[in-house]
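Q:
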Amino acid sequence: MDRQQLERFASGDRSAVRQLYQEYGRAIYSLAYRVLRDHGLSEEAVQTTMLNAWRNAARFDPEREIGPWLYTIARRASIDVYRREQRHQTAELIDTDIAVVPSSLDEVWQAWQIHEALNQIPEPEREIVRCTHYLGLTHEQTADHLGIPVGTVKSRSHRAHRRLARLLGHLMEATA
Amino acid sequence: MRCDEARAEYLHGEPGDQARGHIDTCPHCRSVLPQLNAMQAGLRDPLLWVEPPPELEHNVVELISRGGEQPAPARRRWMVPAAAAAAVVIALLAGAGVWLALRAPAPDWEVTMDGVAPGVPTAASVSGWRTGTGTRLVMAANGLEEAPAGYAYELWFSQGPVHISAGTFTSLEEPVELTVGVRRRDYPRLWVTLEPIDEDPTPSWEVLFDVGA
Numbered sequence: 001m002d003r004q005q006l007e008r009f010a011s012g013d014r015s016a017v018r019q020l021y022q023e024y025g026r027a028i029y030s031l032a033y034r035v036l037r038d039h040g041l042s043e044e045a046v047q048t049t050m051l052n053a054w055r056n057a058a059r060f061d062p063e064r065e066i067g068p069w070l071y072t073i074a075r076r077a078s079i080d081v082y083r084r085e086q087r088h089q090t091a092e093l094i095d096t097d098i099a100v101v102p103s104s105l106d107e108v109w110q111a112w113q114i115h116e117a118l119n120q121i122p123e124p125e126r127e128i129v130r131c132t133h134y135l136g137l138t139h140e141q142t143a144d145h146l147g148i149p150v151g152t153v154k155s156r157s158h159r160a161h162r163r164l165a166r167l168l169g170h171l172m173e174a175t176a
Numbered sequence: 001m002r003c004d005e006a007r008a009e010y011l012h013g014e015p016g017d018q019a020r021g022h023i024d025t026c027p028h029c030r031s032v033l034p035q036l037n038a039m040q041a042g043l044r045d046p047l048l049w050v051e052p053p054p055e056l057e058h059n060v061v062e063l064i065s066r067g068g069e070q071p072a073p074a075r076r077r078w079m080v081p082a083a084a085a086a087a088v089v090i091a092l093l094a095g096a097g098v099w100l101a102l103r104a105p106a107p108d109w110e111v112t113m114d115g116v117a118p119g120v121p122t123a124a125s126v127s128g129w130r131t132g133t134g135t136r137l138v139m140a141a142n143g144l145e146e147a148p149a150g151y152a153y154e155l156w157f158s159q160g161p162v163h164i165s166a167g168t169f170t171s172l173e174e175p176v177e178l179t180v181g182v183r184r185r186d187y188p189r190l191w192v193t194l195e196p197i198d199e200d201p202t203p204s205w206e207v208l209f210d211v212g213a
């Protein structure tokens, strides 16, 4: 998202809001679900994240990467929802400090980075990656599943993994 | 074979002999092998592929287009004309007090927190409304500067060693609305800290406002 798009987002322009959501909605939702393990609460966290991003967009430096900024807001929103829900469940029972958040926030950050990389490959290639890693399908099974030739699956898979390796390498080096 | 080709095959999970040989002998690729393995595991993680419901995009766009205001609950849609009609009747009958019929409900409690840090306003106010699941809060403090980059303010409810966050905010240019899943009678201390934005869920003890300690 460039400076102009960010300014349009800050002004509440529908198309800019939609664009930011389309770029990061999956990543935010996945982060929220990883923390909250509840679809309804994750939707709430996504809405809070987008709202907080919109409210703070005018103060965001467009020279910086938007992903880490949005990640910080999303993580905070999810943890706030998590804490609130924990309080609902334990407020009457607990007698020690309950300000505890889910573990494995390193995993949350790593997953966010993978989402950032996936965001940068075309949707058909992303679908191939999903079939390969999440569904565990072979090239032939993926071709059957998606109704496309095996050769297309192979070429898309090759391009997708080459791009991912490069993007993930860049992200990993940036945060190492 | 180039590094990115070898890494791509490795990431896919079926490296050929050439790619495997490259990874085994290339110091650059060997140095990122742990990260490649972690990324490969990450791609297999079902949580990575959780999809938001399709209607969420529309809901987000609508929410921001409305300036962040949640849609009014259904019952309030008929209550508005009803309240307006009632106000007209009251005005006709009594000639005064119309505003009483329309104003927001008074808070169940209000408290003033003392400023306890140099450079912060002398006081901040918090109003609370009991809800079915806890308390809705509105906090205000004139003159509080925006939180520095990388920090946020956090409002806490405490009873002894139990500290419950009511949420975070970065500015009080306008009053902020927060919610907390407890009632003030059970958590008499209210305080605000300046928190670094990190994974630490406990209070930083950099206290700005405090009451009931």
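From first to last, the protein sequence lines are chains R and S.
Number 87 in our numbering belongs to position 87 of the first sequence; there are no gaps in the numbering.
Number 201 in our numbering belongs to position 201 of the second sequence; there are no gaps in the numbering.
Note that the Cβ used here is the ideal one computed from N, Cα and C, for glycine as well.
For clarity, every value in this text was computed on a predicted model and none was experimentally measured.
Quick one: what does DSSP say G95/S is sitting in, helix, strand or coil?
A: Caution is warranted here: a pLDDT of 42 is assigned to G95/S, below 50, making its placement in the model unreliable, and the coordinate value is therefore given only provisionally. G95/S: coil per DSSP, three-state reduction.
Q: Does the Cβ of D17/S have 16 or more other Cβ atoms within 10 Å, making it buried, or fewer, making it exposed?
A: Label assigned to D17/S: exposed.
Q: Would you mind working out which of W129/S, P118/S and M113/S sits nearest P105/S, comparing C-alpha positions?
A: W129/S
Q: Let me check one thing: in DSSP terms, what residues is A21/R bridge-paired to?
A: Note on residue identity: the sequence assigns Tyr, not Ala, to residue 21/R. Note: Y21/R sits in no beta bridge, so no partner.
Q: Beta-carbon within less than 6 Å of A72/S's beta-carbon, same chain only, minus the 5 sequence neighbours each way: which residues are those?
A: Per-residue confidence for A72/S stands at a pLDDT of 47, beneath the threshold of 50, marking its modelled position as unreliable; the derived number appears in the next sentence. So the list is empty, once near-sequence residues are dropped.
Q: Rounded to whole angstroms, how far is the Cβ of A45/R from the Cβ of S15/R, which I believe are closer than 8 Å?
A: The Cβ separation is near 24 Å, so there is no contact.
Q: Since S165/S contacts R83/R with CB under 8 Å, what's their CB separation in whole angstroms?
A: Separation of the CB atoms of S165/S and R83/R is rounded to 5 Å, and the pair is thereby assigned contact status at 8 Å.
Q: List the endpoints of the continuous beta strand (DSSP E) containing G13/S.
A: That residue, G13/S, is in no beta strand (DSSP E); it is neither H nor E in DSSP.
Q: What does the Cβ neighbour count give for G181/S, buried or exposed, with the cut at 16 atoms within 10 Å?
A: By the neighbour-count definition (other C-beta atoms within 10 Å, threshold 16), G181/S is a buried residue.
Q: Once you ignore the five residues that flank A10/R on each side, which residues in its own chain have a CB closer than 6 Å to its CB?
A: A57 and A58
Q: Quickly, what does DSSP pair M113/S with across the bridge? List them, please.
A: A124/S
Q: Checking contacts by CB at 9 Å: is Y10/S closer than that to chain R?
A: yes
Q: Within a Cβ cutoff of 7 Å, which residues of the same chain sit near W112/R, ignoring the five residues on either side of it in sequence?
A: Non-local beta-carbon contacts of W112/R in its own chain, meaning distances under 7 Å to residues more than five positions away in sequence, involve A27, L31 and Y71 in chain order.
Q: Any idea if A19/S is buried or exposed, counting beta-carbon neighbours within 10 angstroms, 16 or more meaning buried?
A: buried
Q: From which residue to which residue does the alpha helix (DSSP H) around G40/R run?
A: H39 to N56
Q: Expressed to the nearest angstrom, what Euclidean distance is found between the alpha-carbon atoms of P62/R and E7/R?
A: 9 Å
Q: Can you tell me whether T132/R is buried or exposed? The criterion is at least 16 other CB atoms within 10 Å of its CB, across all chains shown.
A: buried
Q: Just the chain S side, please: which residues come within less than 7 Å of N119/R by C-beta, in chain order?
A: Contact of N119/R with chain S by beta-carbon distance below 7 Å is absent, the smallest such distance being about 12 Å.
Q: How many whole angstroms separate the CB atoms of L190/S and G212/S, which I take to be in contact at a CB cut-off of 8 Å?
A: Rounded, the Cβ-Cβ distance is 6 Å, consistent with contact.
Q: In chain order, what residues of the same chain lie with their CB nearer than 8 Å to the CB of T177/R, ignoring the 5 residues before and after it?
A: The structure shown has nothing for residue 177/R, since chain R only spans 1 to 176.
Q: Skipping 5 residues on each side, what residues in its chain have a beta carbon closer than 7 Å to that of S157/R?
A: I128, T132 and H139
Q: Cutting at 7 Å between CB atoms, please list the residues of its own chain near S42/R, excluding the five before and the five after it.
A: Y29, A32, Y33 and L36
Q: At what residues does the beta strand (DSSP E) containing F209/S begin and finish?
A: Where F209/S is concerned, the enclosing beta strand (DSSP E) stretches over V207 to V211.
Q: Rounded to whole angstroms, what is the Cα-Cα separation between E214/S and Q40/S?
A: Since the displayed chain S opens at 1 and closes at 213, residue 214/S lies outside it and no answer follows.
Q: Between the stretch 51-62 of chain S and chain R, which residues of the former have a C-beta closer than 8 Å to a C-beta of the latter?
A: E51, P52, P53, L56, E57, N59, V60 and V61
Q: Would you call E123/R buried or exposed, if buried means 16 or more other Cβ atoms sit within 10 Å of its Cβ?
A: exposed
Q: Considering just the uninterrupted stretch of the beta strand (DSSP E) at M139/S, what are its terminal residues?
A: G134 to A140
Q: Taking the DSSP output, what are the residues bridged to H163/S?
A: Residue pairing by DSSP puts H163/S in a beta bridge opposite S158/S.
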